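So the structure is just underneath, and the comments pick up after that.
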Amino acid sequence: MARYCGSCHLQNQFLEMQNTYVQPLKISTSNQELTIQYFSVEGILRSIINQHPSLIDEIEKEKLLKFVPEKERKNFVIRNELDTTDQSIFERLKGKLRVEISLDDFSFAGKKGRKFLAGYLSCTNLPLQERVKREQIYLFLMVKRPIDRIFDAMNKILEPFVSEMQQFEKSGIEVEKENGEMIKIQVTLSKLICDNLAQNEILGLSMAFSKSSFCRECMALRENYPSIRSHSILDSRQVNLEKSKIKNIIYKSCILTNLKGITISNIAAPDIFHDLFDSFVSLCERRKDLKFNVTFKLHKTLHYAENIRRFGPLYLSSAIRYERCHQSSKKYGRSMGCWKSPAATLSERLALRQTLSSLKRKISKENWIKQTTVSEYDAYTNFGFVDANRDQGEFLLGKNVLRRLLTPGYNPKIWLQGSNFLVNPDTRQVLVKGWIWKGIYEEDGKPKEMFNLQNIKKLDDQVIINSEHLSHINEYLFKWQTKGFFVNRFF
2 MARYCGSCHL QNQFLEMQNT YVQPLKISTS NQELTIQYFS VEGILRSIIN QHPSLIDEIE
62 KEKLLKFVPE KERKNFVIRN ELDTTDQSIF ERLKGKLRVE ISLDDFSFAG KKGRKFLAGY
122 LSCTNLPLQE RVKREQIYLF LMVKRPIDRI FDAMNKILEP FVSEMQQFEK SGIEVEKENG
182 EMIKIQVTLS KLICDNLAQN EILGLSMAFS KSSFCRECMA LRENYPSIRS HSILDSRQVN
242 LEKSKIKNII YKSCILTNLK GITISNIAAP DIFHDLFDSF VSLCERRKDL KFNVTFKLHK
302 TLHYAENIRR FGPLYLSSAI RYERCHQSSK KYGRSMGCWK SPAATLSERL ALRQTLSSLK
362 RKISKENWIK QTTVSEYDAY TNFGFVDANR DQGEFLLGKN VLRRLLTPGY NPKIWLQGSN
422 FLVNPDTRQV LVKGWIWKGI YEEDGKPKEM FNLQNIKKLD DQVIINSEHL SHINEYLFKW
482 QTKGFFVNRF F
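Each residue of the sequence shown is one higher than the one before, starting from 2 at the first, in the numbering used here.
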């Protein structure tokens, strides 16, 4: 290891020697201006399984699940995509390694630069807390957009991905269990997470949302949006789509429908980030009065209930976690000096970054303590914890950073301001010592707040908290003149 620390070149060589390194391949198309930098999906999936070996057993258990119709469910709870009320989607997803992809354009060189199309991939079998982490989102293709528009560009770009997924449908992916047994796991495409423009381009629909456009979920014209109150959406089965009038207004075919069980209406979940938070929420903050204009994004909220039944909770389909990946791409793009083949250079740099994040040491949680709070005597004497360095934890100490305690129920909310980390040298478990901040509530039980910041107060004594019971989101402490301390609230 010390041999490769001497220079950046040797460090890159070390990363390229790792089993998890996936080298981007240059794939040419029939159009000379369209060249694809493609990462093997099999290599990415093997890296994910290598980091999360428990996925194999979880996928095996999913094969025993049976579909329960909506009318027969006593407690109708939708937690994830397997709680769908669409039996065809349930049968396509259960007991398989589920792949979720997102495609979006970005640029980083101003007006003189060119647009790049980036494709990101993640595994929806992972819990949400793991799935949203930056190192669990992988780049699987990079394309420099040609100056002249190509009619069937998206199908050509996705052709290598579809070919590899079709190979998975035939033979699966062979993996090794913890006991050494070799088994084959089936792989399927779970969802397509994009903004509305990218979704329409991939699905082969019109990329215009102005006058005379239509809703791809109920086929209503834009002119009729203000008067429509129907919540129904198109059936997801291919045979019903072919009978409907949507067949006559598709501009070009969608190559993703070549995969088993996938149609243009059962793969593209709504994106609440672009539909709500990036649209109406920001507008409501800036303006008090808006003209009554029912756009496609506003009309789509009529279908949210049906889409939840089909795709599961919509916050699982938000594109915000993929949008932030552009920041890494832009950062590497601005610092690189090669403009002869920028897509290839950028892909190689991001391939090294993805390899580096997969080299994290695997830590077993088998001997970790489960309780939420630990006394100082038990931590040091009985459990063998010692004081850790300030950089061994997940967040900064001595700052205004707070982490909310994940306790059952909603009231009262409790936050921890860390002052010291404790680590067990054998199990590598981390505890956090610090001060407790508690929410202040009115007499009627409502939280006391100002400008959407909740008023909180600090308790006197320090406590030691199990870091596994703290939220992974940083929240920040603010002092408002003489009115006390406040914290931003994340629900």
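Idealized CB from N, CA, C, for every residue including glycine. As the structure is a prediction and not an experimental result, all values here were calculated from the model.
Exercise. Tell me where the beta strand (DSSP E) around Cys124 begins and ends.
Key: 117-124
Practice problem: Going by CA-CA distance only, name the one from Leu317, Ile309, Glu43, Pro147 that's closest to Val78. | Solution: Selected option, being the one with the closest Cα: Ile309.
Quiz item: From which residue to which residue does the alpha helix (DSSP H) around Gly334 run?
Solution: 326-336
Quiz item: Who are Met451's beta bridge partners in DSSP?
Solution: Leu454
Quiz item: Cβ atoms of Leu471 and Leu398: under 9 angstroms apart, would you say?
Solution: no
Quiz prompt | Cβ-based burial, Ser164 [other Cβ within 10 Å; buried from 16] | solution = exposed
Practice problem: Starting from Asp58, trace the alpha helix (DSSP H) both ways and give me its first and last residue. | Solution: Counted as a single uninterrupted DSSP element, the alpha helix (DSSP H) harbouring Asp58 occupies residues 55-63.
Quiz prompt | C-alpha gap between Asn241 and Pro54, whole angstroms | solution = Residue placement at Asn241 is flagged as unreliable, the pLDDT there being 49, under the threshold of 50; the coordinate-derived value follows with that caveat. The straight-line gap from Cα to Cα measures roughly 40 angstroms.
Exercise. Determine the closest residue to Gln418 out of Ala306, Thr428, Leu460, with distance taken between C-alpha atoms.
Key: Leu460
Quiz prompt | Contact set for Ile151: own chain, Cβ-Cβ below 8 angstroms, skip 5 residues either direction | solution = Asn32, Glu34, Leu35, Lys157
Quiz item: Applying the criterion that 16 or more other CB atoms from any shown protein chain within 10 Å of the CB defines a buried residue, is Phe495 buried or exposed?
Solution: The chain is shown from 2 up to 492; residue 495 falls before or after that span and cannot be answered.
Quiz item: To which residues does DSSP link Arg404 through a beta bridge?
Solution: Leu417
Self-check item: Below-9 angstroms beta-carbon distance, Trp416 vs any chain D residue
Solution: No chain D is present in this structure, which holds just one protein chain.
Quiz item: Which one or two residues does DSSP pair with Leu222 in a beta bridge?
Solution: Phe215
Quiz item: For Met183, does the three-state DSSP call read helix, strand or coil?
Solution: strand
Practice problem: Can you tell me which of Arg135, Lys400, Lys447 puts its alpha carbon nearest to the alpha carbon of Glu476? | Solution: Lys400
Quiz item: Does the Cβ of Asn267 have 16 or more other Cβ atoms within 10 Å, making it buried, or fewer, making it exposed?
Solution: buried
Quiz item: Hey, how far is the Cα of Arg223 from the Cα of Leu94?
Solution: 33 angstroms
Quiz item: Excluding sequence positions up to five away, which residues of its chain have a Cβ less than 8 angstroms from the Cβ of Gln130?
Solution: Excluding sequence neighbours, Gln130 sits near His473.
Quiz item: Looking only at DSSP bridge pairs, what is Thr36 linked to?
Solution: Ser29
Practice problem: Output the distance between the C-alpha atoms of Ala221 and Phe479, rounded to the nearest integer angstrom. | Solution: 48 angstroms
Self-check item: C-beta atoms of Gln38 and Ala344 nearer than 9 angstroms
Solution: yes
Quiz prompt | Length of the line joining the Cα atoms of Ser336 and Ala199 | solution = 27 angstroms
Practice problem: Reducing DSSP to helix, strand and coil, say where Met18 ends up. | Solution: coil
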